[in-house]
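Student: The following block contains the structure, expressed as structure tokens.
Protein chains: 8
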Amino acid sequence: MLDNILEQVQQGKLTVEEAKTKLASYENLGFAKIDYHRTKRTGFPEVIYGEGKTADQIISIMKAIQQNNNNVLATRVSEDKAEVIVEQFPEAQYDSRSRILYWKLQNDAALQREGYIAVICAGTSDLNVAEEAAITAEVFGSNVHRIYDVGVAGLHRLLDHLEEIQGATVSVVVAGMEGALGSVVGGLVSHPVIAVPTSVGYGANFQGLSALLSMLNSCSSGLSVVNIDNGFGAAYNAVMIDRLANQKSRE
Amino acid sequence: MLDNILEQVQQGKLTVEEAKTKLASYENLGFAKIDYHRTKRTGFPEVIYGEGKTADQIISIMKAIQQNNNNVLATRVSEDKAEVIVEQFPEAQYDSRSRILYWKLQNDAALQREGYIAVICAGTSDLNVAEEAAITAEVFGSNVHRIYDVGVAGLHRLLDHLEEIQGATVSVVVAGMEGALGSVVGGLVSHPVIAVPTSVGYGANFQGLSALLSMLNSCSSGLSVVNIDNGFGAAYNAVMIDRLANQKSRE
Amino acid sequence: MLDNILEQVQQGKLTVEEAKTKLASYENLGFAKIDYHRTKRTGFPEVIYGEGKTADQIISIMKAIQQNNNNVLATRVSEDKAEVIVEQFPEAQYDSRSRILYWKLQNDAALQREGYIAVICAGTSDLNVAEEAAITAEVFGSNVHRIYDVGVAGLHRLLDHLEEIQGATVSVVVAGMEGALGSVVGGLVSHPVIAVPTSVGYGANFQGLSALLSMLNSCSSGLSVVNIDNGFGAAYNAVMIDRLANQKSRE
Amino acid sequence: MLDNILEQVQQGKLTVEEAKTKLASYENLGFAKIDYHRTKRTGFPEVIYGEGKTADQIISIMKAIQQNNNNVLATRVSEDKAEVIVEQFPEAQYDSRSRILYWKLQNDAALQREGYIAVICAGTSDLNVAEEAAITAEVFGSNVHRIYDVGVAGLHRLLDHLEEIQGATVSVVVAGMEGALGSVVGGLVSHPVIAVPTSVGYGANFQGLSALLSMLNSCSSGLSVVNIDNGFGAAYNAVMIDRLANQKSRE
Amino acid sequence: MLDNILEQVQQGKLTVEEAKTKLASYENLGFAKIDYHRTKRTGFPEVIYGEGKTADQIISIMKAIQQNNNNVLATRVSEDKAEVIVEQFPEAQYDSRSRILYWKLQNDAALQREGYIAVICAGTSDLNVAEEAAITAEVFGSNVHRIYDVGVAGLHRLLDHLEEIQGATVSVVVAGMEGALGSVVGGLVSHPVIAVPTSVGYGANFQGLSALLSMLNSCSSGLSVVNIDNGFGAAYNAVMIDRLANQKSRE
Amino acid sequence: MLDNILEQVQQGKLTVEEAKTKLASYENLGFAKIDYHRTKRTGFPEVIYGEGKTADQIISIMKAIQQNNNNVLATRVSEDKAEVIVEQFPEAQYDSRSRILYWKLQNDAALQREGYIAVICAGTSDLNVAEEAAITAEVFGSNVHRIYDVGVAGLHRLLDHLEEIQGATVSVVVAGMEGALGSVVGGLVSHPVIAVPTSVGYGANFQGLSALLSMLNSCSSGLSVVNIDNGFGAAYNAVMIDRLANQKSRE
Amino acid sequence: MLDNILEQVQQGKLTVEEAKTKLASYENLGFAKIDYHRTKRTGFPEVIYGEGKTADQIISIMKAIQQNNNNVLATRVSEDKAEVIVEQFPEAQYDSRSRILYWKLQNDAALQREGYIAVICAGTSDLNVAEEAAITAEVFGSNVHRIYDVGVAGLHRLLDHLEEIQGATVSVVVAGMEGALGSVVGGLVSHPVIAVPTSVGYGANFQGLSALLSMLNSCSSGLSVVNIDNGFGAAYNAVMIDRLANQKSRE
Amino acid sequence: MLDNILEQVQQGKLTVEEAKTKLASYENLGFAKIDYHRTKRTGFPEVIYGEGKTADQIISIMKAIQQNNNNVLATRVSEDKAEVIVEQFPEAQYDSRSRILYWKLQNDAALQREGYIAVICAGTSDLNVAEEAAITAEVFGSNVHRIYDVGVAGLHRLLDHLEEIQGATVSVVVAGMEGALGSVVGGLVSHPVIAVPTSVGYGANFQGLSALLSMLNSCSSGLSVVNIDNGFGAAYNAVMIDRLANQKSRE
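Chains as they are written, first to last, in full-length UniProt numbering: chain Z, 1 to 251; chain S, 1 to 251; chain V, 1 to 251; chain F, 1 to 251; chain W, 1 to 251; chain B, 1 to 251; chain R, 1 to 251; chain G, 1 to 251.
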């Protein structure tokens, strides 16, 4: 593309001023492809972090994205805000457990693929974070198998789902308290595991620190960790891997 | 006993001075029974914490105990010191892995009992601490089953020993890194589990903090925790429970 | 049992399909005995962690357990929720200090035994956690002696109860602030002590960290520790030990 | 396979005893495939964590693995130990920067694949950890592009390699101090990034805590984190992803 | 000045009492110039830290300052308090984003100077702290260029403003989460950078600790750090530097 | 006293039962003198920690103390509770800044003494803690000089009170933020300094940790530290020292 | 004194230059009395912190002090350095346990007084710190009673010394591990207690943090705390109090 | 410059290939000016961080820099390495206290300027860090006034240098332990203060954390902080400010 611009200048088809503008935009696009272009090409929706934004702010961002014919996903949207938003933006869907609000193009073939992500969680109190991961992955076009309430205190519950877990392309493991589920799943599968510590617990849990340290120090290889309660981040990673594994043929 | 003294005073069998001495000694014994008397009655050996003591200091304490015809166990004795001690005290036995040095009366029937303590450890690097626990328990007269190198990264290794673990009176679980083994064992047995976090690991392990927090936050009930690397303390607790369970008939 | 199934197959008494189902269930039971079977055999009630569950969720779990003719104990149930639950489930009892709600079969002989657990607490502010421990232990069938407000700042109050404490099978020591009571009791008794740090205090207490570290570093042997404010967990451990010590004859 | 065993019992081809043995081994294999079988099938070498093992222990493990005709990789092997090992095991190769010692079958076609992993590091002091990642990935059969000394203090050095980084299947980013490189790379690529905080730095670095927290809190999506200095773990994750992306056709 | 007083005593122009008073005041002024005198000479307004003060307290302090014909700036004033204050002190201006309330003399030539401070922030959630810095600097008489929402996840947004940032006399960089923006800006400019970590984030952010450690450990030279969320402090430093650079001719 | 009891038994003046009761009470008194007896002898009031107690509980404790003709001081009593208490106990006095509620016998000569305690605080936000110290000391009978708002940012304010501070028997220094005032005062006086870190501040203050560590690490000798915000504890220490220094003649 | 100088100037007895010098020295002395003058008047020796100083540096400081006819005390002097120093300064005395080196004028009547300081320590490993406190206090002229090895694990040992402890003017309590001894002593005496946490312990002791937090959070009033292992600082405080209590008549 | 290149292409003076090369180099220079160009223009020496580099590595970097006719400064060079380097590079100068090794062009007029930086330190143990700051600043061409051993425990020592400190353009304050010196100096001057916490201290100092937190929480405005022991970083900041203030006329 640079060749092209320079040749056009050489041939007098572009003035110096025009060339400068184009070069500037080229430079910007060089970086911008990680933003706007990637979204277009991959079908990833734009993401809004809802915490600390007003309902009005979220609505205006969503409308801008919609005009680009792009999917949109907003995380950490409280029920109060969601009500206001959905009223003005009725095609959006809201899930109160994951606090995710999204709008998705129908029949977006670009998003469909084989294989599935296993979203596994330890206890019922980890459900919100697990759902943030699961719904994020689904809106991003991955298939999700939910395997919930399989904490290591009752190992047989986990082992009952062993085959289903081992069949996934990538697992997202969500656990609070001592976070042992990450290591146990990591030892049972041969695919990448994204571990999400949650702030569930009390006392020496220190708002998720115990699960976080536990997962970082896992004796199982093949585990990597995202921030406490960051279901979205885990799903984002998992979807990236899922696409690399299951979508190559389409590109 | 107080009645007795007072009655003897009443009956003129004791002078006031004699009574005072006896009452004083009674008072002291009231507290002292936790030291000297308990040792006598229960057959528990005296314990010496070897760290920061010289070989000479350890020898003189051991000799004093031996004169009371009591067993003795010294923890955290380095190999250097042990050599010096064993030279002067050849009936003592030293175990270099656990760094325990002990002297035990032959045929001490008072120490024998049924049932066993399971000492379980996650990896080979936790062996030293596990052996500190195992040998302590044995010197204190408990039977010990060692189940080593059964970390959760290879869950089948643990499950292969399930029956043996479930058959114990009490388990001591020794694990570093993320310490998940504590929770997993806790979920598989119906007896008390004493968890020992070890300082094994690196980075965000923070000298055992990760395993410690993990074990304190266990989602399994029936787990209690001792200090990092405190194999002796775990064994001491386990032996107490073992005696309550398996030695009642003899008392 | 495995022999049995295989023999029945050999003898044509079981089809391959039937054998598979049985083996599967055997396998599940292998792990499940830690859940359902243990409850049945031991008379332990099912336990519900009330925090983060709605009144409706708790009611439906309780009803399911009741149908199995099992006792049930729910911890950390706020007064608001308890009111709603008791209205629909009038045979349940609620204790507002410990925030425990439970339903217990009458005359459950399986739960009765000799000996007692001493539940000891330092100050009036530790009462809630101490009561969580005491009531849990009682619902689980242990006898409990409450020895409250005996913090080390007034040592004579503790020593006045020395005999009662020393007579217990196991002690649960509940203390906040500097948690010194754990070490002091540990030095006075020859039975296991389960220490519960509480989050009572301010400033450099750091939500219970001071008491937690204090108890983990106790100079007294025979102390093990559970999570901050975890009265339930301490009682669960204590009851396990109490059963081992006092209930053997009945099994 | 279960069907098969049961049918053989039914048909008298297996005695009950023989069936029991087979069922046991089946059960073990069920879990063991994550160990031994996975290694076989995938061509992953066996891994030995060298820290805390003697040269002799490492040699005997390596010989056992070699007899299984398997590759082997040992991490954290000091130069002292390596010298001893290589003397007795001359076909092994040692890399002193990464402290990795490995033995690899020639022409192991199973390990070859397309695409590459970018191993990126911030400063020369992060080299050891970066090399642990790079060599691990190579021994595991991935192609590696090393992009070193591109810390954010001189952003142009990083941007000079932008195309090469963006062309990778997955990136491993190794950085100490403030660990900002993770976020910056994460914002520039559309593939998964595995971030490795290192303990490089001083003062408020607190042995890698600053880089660790920085990476966990990255404002860039698509980043997941492994333990401080855990180059091996990062490579292990990256190789798993690389295989999913680039090796499907061969399976 | 000391000479002067003593000479006047010598010459009988001052009594001993008068000299004592003068010496005392001299001494006090020696220190007091850092308070009152500095304010006068430099045109710096008096500053009130509003947190923990009532509206009434703030009003009475403001009135006292106004009588000295001095500018005044109050930070961390909540909207509630501001309403009350502005009602009684209508010439004051309130900015709700930065929570700053100030009163500024018109045409205060003493405050005007060349050059500008770049106030740069990473995300929209850092805006409040950035505005506290920006408005503080403006009230103190500096020119401010606001460069907002240029976090490193989208590096091109930052690079688009490169020239403007490089042209500043001093930069204030406001960032939460991983705080990488500090290092990146530090590497791109050759003037001093004051970094302000913010408490924006969640989980392992630990109320701003991650950004704080990140900035303290920056691999870029030329960065110094103020307390978490301390936009005012950063601006105060930046203004001092701005004056040294741009106002010398006037003194 | 023990002699006495035993002699009375010897002489038949006491039965064994009566002697036992007396000995028991003697024993209790032996420890109780630290509680009840000390209060009597020294004129120290009884102290109630109000946090976590209901108004009713406080009232009933106060009434019990009043019947013993003893002074009483309750700390951390919220304004709500205080209103209820004062209504029923109108002779009590409440100070809303220090949150102290107390009742003091008139003309309690036992409490008066020479000398004074300097209570020094850094900023207006430390006032509540400083007043808790000052009023505690006054109710305990010490004279108090309040030297407030003399933080080290304006050193001359502190130096203006140098003589008054140096004239005290003991100083209580109350400071939040960086707590430097403790070291500075410690370097200026030759009497004991009790330092009280406060939780005043934000960001890297971590609820008083910065001031606490600062005071513990003081380069000035003669400083000792109490818990964060513990104005009462500091005053209690100061009063003990004040009595030792100024009240000996009266005993 | 200021009057005096000014009057002399007025009367021509001092030139302006002479007055300036005197005023300067007055000013300096105003602060210096905390240094040099206090030492003279009170008989306190000069103190040298030996850590990080060479033997030569210590010798030259000691000689300077000796020329002022003043006592000197150097803390944290290693045995190596002490040997070198004592060779050149043979009148100095060295104590290897406390690592204190000192030189004391004979028959320094100014230092003698009534009453005593109780230096109490928990275990033999706390001895070094306890001796640093005890010897410091003795060199500063206080009488010291050593009550060692009375940790709370054997409460009767402490209670055996109750009367001796209660008879002291002030206590210094030295304890590592959980530091409970501070609270227990604090509850048994009615005089000030200076608590010294030591770094003795392992695991979750975190280099003395557990004892430090424990002592700061003591439930006993009348306790104040110095830095970890700071025996000198505790003694310094105790001596100050001892002087206030026992030396008034002489001043 | 961009204009220029494009015009040359337009005029046929540059081929497309040549233009591409130039544009690339322009782009690189765009960022590189922060590296190489800044050094040239400003006379700043190149800086080498010596820790973790071998003597040979340092020599070869120094030679490369020397060929560019540039000054060079290497920090954290141990005495061992320095000896080797100076032997091969005899024109280099080494300062063992600051561990700085540098080579400076004679008569480098570009580096000279008016005004001075005050480098202030609390105690003799902070000297190494203070010298790292002082020598760095001098090699970078600033004038430095050293004001050492003026810790707040003896405030008069600091106040004796008040005028000298207040006369500086910028101060670097180096202090360990409680770091109070930062706040005290900050309150006494009206120029920017760069505070350097040092790791000097013990116990609750936690390797410099106490001084770091103290300085970040300073109650004095105008203070900013660099990493623990980072004398170089503080000097780098101070020199930047010094140049802005004192060198403008020359540019």
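Backbone N, C-alpha and C define an ideal beta-carbon position, used for all residues, glycine too.
Buried or exposed: where does glutamine 88 of chain W fall if 16 or more other Cβ atoms within 10 Å of its Cβ makes it buried?
Tutor: On the fifth sequence, position 88 is the one that residue 88 of chain W refers to. Per the 10 Å Cβ criterion, exposed.
Student: Would asparagine 230 of chain G be called buried (16 or more neighbouring beta carbons within 10 Å of its own) or exposed?
Tutor: The sequence position of residue 230 of chain G within the eighth sequence is 230, counting from 1. So asparagine 230 of chain G counts as buried.
Student: Per DSSP, what kind of secondary structure is glutamine 8 of chain R in: helix, strand or coil?
Tutor: The sequence position of residue 8 of chain R within the seventh sequence is 8, counting from 1. The answer is helix: DSSP assigns glutamine 8 of chain R an H, G or I state.
Student: Rounded to the nearest angstrom, what separates isoleucine 228 of chain G and leucine 73 of chain W at their Cα positions?
Tutor: Here residue 228 of chain G is taken as the residue at index 228 of the eighth sequence, counted from 1. Here residue 73 of chain W is taken as the residue at index 73 of the fifth sequence, counted from 1. Straight-line Cα distance between these residues: approximately 32 Å.
Student: Chain B partners of leucine 101 of chain G, CB-CB under 8 Å?
Tutor: Counting from 1 along the eighth sequence, the entry for residue 101 of chain G is found at position 101. Under the 8 Å cutoff, chain B gives no residues; its nearest Cβ is about 31 Å from leucine 101 of chain G.
Student: Tell me whether glutamate 46 of chain Z sits in a helix, a strand or coil according to DSSP, three-state version.
Tutor: Numbered from 1 along the first sequence, position 46 holds the residue referred to as residue 46 of chain Z. Residue state, collapsed to three classes: strand.
Student: Given that a residue counts as buried once 16 or more other Cβ atoms are within 10 Å of its Cβ, and exposed if not, what is glutamine 11 of chain W?
Tutor: Residue mapping note: residue 11 of chain W aligns to position 11 of the fifth sequence, counting from 1. Glutamine 11 of chain W should be labelled exposed.
Student: Report yes or no: do three or more beta-carbon pairs, one from the region 63 to 72 of chain Z and one from the region 46 to 55 of chain Z, lie closer than 8 Å?
Tutor: Yes: the two stretches touch, three or more of their Cβ pairs being nearer than 8 Å.
Student: Answer with yes or no whether the minimum CB distance from serine 98 of chain Z to chain V is below 7 Å.
Tutor: Within the first sequence, the letter at position 98 stands for residue 98 of chain Z. No, serine 98 of chain Z lies away from the interface with chain V (no Cβ there is under 7 Å from its Cβ).
Student: With a CB to CB cut of under 6 Å and the five nearest residues on each side skipped, what residues in its chain are close to asparagine 128 of chain S?
Tutor: The count along the second sequence starts at 1 and reaches residue 128 of chain S at position 128. Hits under 6 Å: Arg97.
Student: Using Cβ-Cβ distances below 7 Å, what residues of the region 215 to 243 of chain F are close to chain Z?
Tutor: Those would be Leu216, Asn217, Ser221, Gly222, Ser224, Val225, Val226, Asn227, Gly233, Tyr236, Asn237, Met240, Ile241, in chain order.
Student: Nearest by alpha-carbon distance to methionine 177 of chain F: which of F:Pro90, F:Leu213, F:Ile117, F:Glu91 is it?
Tutor: Numbered from 1 along the fourth sequence, position 177 holds the residue referred to as residue 177 of chain F. That would be F:Leu213, whose Cα lies nearest to the Cα of methionine 177 of chain F.
Student: Leaving aside the five residues before and after cysteine 219 of chain F along the sequence, list all residues of the same chain whose C-beta is less than 7 Å from its C-beta, in chain order.
Tutor: Stepping through the fourth sequence from its first residue, residue 219 of chain F is reached at position 219. So the list reads Ser183, once near-sequence residues are dropped.
Student: Can you list the residues of chain W that serine 199 of chain B reaches, using a CB-CB cut of under 9 Å?
Tutor: Here residue 199 of chain B is taken as the residue at index 199 of the sixth sequence, counted from 1. Going along chain W, no residue has its Cβ under 9 Å from serine 199 of chain B, so there is no contact; the nearest lies around 11 Å.
Student: Under 7 Å between the Cβ atoms of tyrosine 116 of chain F and asparagine 143 of chain F?
Tutor: In the fourth sequence, counting from the first residue as 1, residue 116 of chain F sits at position 116. In the fourth sequence, counting from the first residue as 1, residue 143 of chain F sits at position 143. Going by C-beta atoms, tyrosine 116 of chain F is nearer than 7 Å to asparagine 143 of chain F.
Student: Just curious, the alpha helix (DSSP H) that arginine 157 of chain W is in, first and last residue?
Tutor: Position 157 of the fifth sequence, counted from the start, is the residue given in the question as residue 157 of chain W. Counting along the chain, the alpha helix (DSSP H) containing arginine 157 of chain W begins and ends at 155 to 159.
Student: Closer than 9 Å between beta carbons: that is the criterion. Which residues of the region 45 to 60 of chain V meet it against chain Z?
Tutor: Here the close residues are Tyr49, Glu51, Gly52, Lys53, Gln57.
Student: Between the region 190 to 198 of chain R and the region 159 to 171 of chain R, can you find at least three pairs of beta-carbon atoms closer than 8 Å?
Tutor: Yes: the two stretches touch, three or more of their Cβ pairs being nearer than 8 Å.
Student: Considering only their Cβ atoms, is the gap separating valine 200 of chain F from leucine 181 of chain F smaller than 7 Å?
Tutor: Numbered from 1 along the fourth sequence, position 181 holds the residue referred to as residue 181 of chain F. Numbered from 1 along the fourth sequence, position 200 holds the residue referred to as residue 200 of chain F. Contact: no.
Student: Whose CA, out of W:Arg243, W:Thr15, W:Leu6, W:Glu17, lies closest to the CA of glutamate 138 of chain W?
Tutor: Here residue 138 of chain W refers to the residue found at position 138 when the fifth sequence is read from its first residue. Answer by Cα proximity: W:Arg243.
Student: Using alpha carbons as the reference points, say which of W:Thr75, W:Arg99, W:Ile58 lies closest to isoleucine 85 of chain W.
Tutor: On the fifth sequence, residue 85 of chain W is found 85 positions in, with the first residue counted as 1. Answer by Cα proximity: W:Ile58.
Student: Taking DSSP's pairing of strands, which residues face serine 224 of chain S in a bridge?
Tutor: Counting from 1 along the second sequence, the entry for residue 224 of chain S is found at position 224. Its beta-bridge partners are S:Ile194.
Student: Give the range of the beta strand (DSSP E) segment to which glutamine 93 of chain F is assigned.
Tutor: In the fourth sequence, the residue the question calls residue 93 of chain F occupies position 93. Per DSSP, glutamine 93 of chain F belongs to the beta strand (DSSP E) from 93 to 95.
Student: So is aspartate 56 of chain Z buried or exposed if we call it buried at 16+ other beta carbons inside 10 Å?
Tutor: Here residue 56 of chain Z refers to the residue found at position 56 when the first sequence is read from its first residue. Exposed: under 16 other Cβ atoms inside 10 Å.
Student: If you compare alpha carbons, which of Z:Asp160, Z:Leu216, Z:Asn71 is closest to glutamine 93 of chain Z?
Tutor: As a working mapping, residue 93 of chain Z is identified with position 93 in the first sequence. Nearest option by C-alpha distance: Z:Asn71.
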